[in-house]
Amino acid sequence: DVKVTQSSRYLVKRTGEKVFLECVQDMDHENMFWYRQDPGLGLRLIYFSYDVKMKEKGDIPEGYSVSREKKERFSLILESASTNQTSMYLCASSLFGQGIFFGPGTRLTVL
Amino acid sequence: KQEVTQIPAALSVPEGENLVLNCSFTDSAIYNLQWFRQDPGKGLTSLLLIQSSQREQTSGRLNASLDKSSGRSTLYIAASQPGDSATYLCAVRGSSGSARQLTFGSGTQLTVLP
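Protein sequence lines, in the order shown, are assigned to chains A and B.
Be aware that the first sequence starts at 114, since it is given in the numbering used here, and climbs by one per residue.
Be aware that the second sequence starts at 49, since it is given in the numbering used here, and climbs by one per residue.
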């Protein structure tokens, strides 16, 4: 079975802090994603990576950056956390043309 | 631009009923369609993946069908149980197969009453 893990289930940070969300997948998938999910807005793609060191902006990249130094790991970085970044963050991975598999999610609260 | 709609937004049924969840999409040129369940506060769990060349997929009490020409997919749940209570989402991948072209529906929240 595909396994996607995220470093934290719950995280509380202060406004202005730099925040790192880590994601690891164990199935050698070339594609990895970061989404955020908010009530009434559904799932929105933040960033997408199709290979090591390769990244592409999603629909809402402002205020975020990403890093993919190894194939199995994809990090989401909030350079200066703000209250409007309080959300559920979901990491996912897939092979080209195949199903997408999600991690358990990180509930981030920015105070 | 692909749009994916799931109606109804919420559904409540008594235990034991067979039920159908709907997913509609506006652009029939798709690569595949995937169904997920999401429990409150958790990530999405993949249930079934239907490639564009397939008409249906089955897993246990679940059966998903795909009709590209009409832009519809259904998820059939047989003999529903309280443990099936969750939000069910569908996602459509665009014809290029690129994961960048993945569009999610907003989900149907299912409650199965004991």
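Glycine residues also receive a C-beta, built at the ideal position from the N, C-alpha and C atoms.
Counting along the chain, the unbroken beta strand (DSSP E) around A/Phe214 starts and ends at Ile213 to Phe215.
Restricted to the region 133–192 of chain A, the beta strand (DSSP E) segments that are unbroken, complete and at least 3 residues in length are 144–151, 155–164, 167–170, 177–183 and 186–191, listed in chain order. The region 142–154 of chain A and the region 179–193 of chain A touch, with three or more beta-carbon pairs separated by less than 8 Å.
Look at B/Thr74 here: in three-state DSSP terms it is coil, with no helix or strand label. Of the residues assessed, A/Gln138 falls on the buried side of the cut-off, its CB having 16 or more other CB atoms within 10 angstroms.
The beta carbons of B/Leu81 and B/Cys138 sit about 6 Å from each other, so the pair counts as a contact at 8 Å. In the DSSP annotation of this structure, the continuous segment of the beta strand (DSSP E) that includes B/Asn111 starts and ends at Leu110 to Asp115.
The straight-line gap separating the alpha-carbon atoms of B/Val61 and B/Val160 is approximately 5 Å. Counting only residues of its own chain and dropping the five nearest sequence neighbours on each side, A/Ser180 has a CB closer than 6 Å to the CB of Ser188. Listed along chain B, the residues sitting closer than 7 Å to A/Ser207 by beta-carbon distance are Ala147.
The Cβ atoms of A/Ile213 and B/Ala126 do not sit closer than 8 Å to each other. Of the residues B/Thr156, B/Ile78, B/Leu92 and B/Gly153, the one whose Cα lies closest to the Cα of B/Ser118 is B/Ile78. Contacts with chain A at 8 Å (Cβ-Cβ) include B/Phe152. Burial is judged here by how many other beta carbons sit within 10 angstroms of a residue's own beta carbon; A/Tyr123 has fewer than 16 and is exposed. Around B/Gly119, no beta-carbon contact reaches into chain A at under 7 Å, the shortest distance being about 19 Å. Judged by beta-carbon spacing, B/Gln105 lies within the 8 Å limit of B/Leu97, meaning their Cβ atoms are closer than that value. Within the region 153–164 of chain A, contact with chain B at the beta-carbon level (separation under 8 Å) is assigned to Gly155, Leu156, Leu158, Phe161 and Tyr163. Going by DSSP, B/Leu158 is part of the beta strand (DSSP E) stretching over Thr156 to Leu161.
A/Ile159 counts as buried, since no fewer than 16 other beta carbons sit within 10 angstroms of its beta carbon. For B/Ser154 against A/Gly155, the beta-carbon gap comes to about 5 Å, under 8 Å, which counts as contact. Rounded to the nearest whole angstrom, the CA to CA distance from B/Thr156 to B/Lys116 is 21 Å. Under DSSP, the beta-bridge partners assigned to A/Lys126 are A/Val223. Secondary structure note for B/Ile98: its beta strand (DSSP E) is the uninterrupted segment Leu92 to Gln99.
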